[in-house]
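Residue numbering for the sequence shown follows the working numbering, starting at 880 and increasing by one per position. Beta carbons: idealized from backbone N, C-alpha and C, even for Gly.
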Amino acid sequence: MSEALPKVAIELWRSDAIVLFDWLMTVDLNTVPITHPAEKQALMDLLTRLEHETDVPCVTQEQIDAARVEVARDMGW
Numbered sequence: 880m881s882e883a884l885p886k887v888a889i890e891l892w893r894s895d896a897i898v899l900f901d902w903l904m905t906v907d908l909n910t911v912p913i914t915h916p917a918e919k920q921a922l923m924d925l926l927t928r929l930e931h932e933t934d935v936p937c938v939t940q941e942q943i944d945a946a947r948v949e950v951a952r953d954m955g956w
């Protein structure tokens, strides 16, 4: 991705980041319904950012399980 492209900054709840990273590492993106190839690329870009710019890849299975509980509790439905 070009450094010259416009960027946005977002803050992500750590538990959300853990759950998303774990899912992106395990899901077969070829089976995820997409309507445009850019959607798959955007998911891969998110995975790369989480992998290289956070400490999320170092979490334990216990931390993943706890993050899932926290995120699910916050669902509200």
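On a CA-only basis, which of 888, 943, 883, 882 is nearest residue 900? Give me that one, please. Stepping through the sequence shown from its first residue, residue 900 is reached at position 21. Of the listed residues, the one whose Cα sits closest to residue 900 is 943.
Rounding to the nearest angstrom, what Cα-Cα distance links residue 924 and residue 895 in this structure? Taking the sequence shown and counting its residues from 1, the one referred to as residue 924 is at position 45. Taking the sequence shown and counting its residues from 1, the one referred to as residue 895 is at position 16. One C-alpha to the other measures close to 16 Å.
Collapsed DSSP secondary structure at residue 930 in the structure displayed: As a working note, residue 930 is residue 51 in the sequence shown. Helix.
May I have the straight-line CA-CA distance separating residue 885 from residue 951, to the nearest angstrom? Sequence index remark: in the sequence shown, residue 885 carries index 6 (1-based). Sequence index remark: in the sequence shown, residue 951 carries index 72 (1-based). Near 33 Å, if we compare the C-alpha coordinates of residue 951 and residue 885.
Indicate whether residue 922 and residue 911 have their beta-carbon atoms separated by less than 9 Å. Position 43 of the sequence shown, counted from the first residue, corresponds to residue 922. Position 32 of the sequence shown, counted from the first residue, corresponds to residue 911. Result yes, Cβ atoms of residue 922 and residue 911 sit closer than 9 Å.
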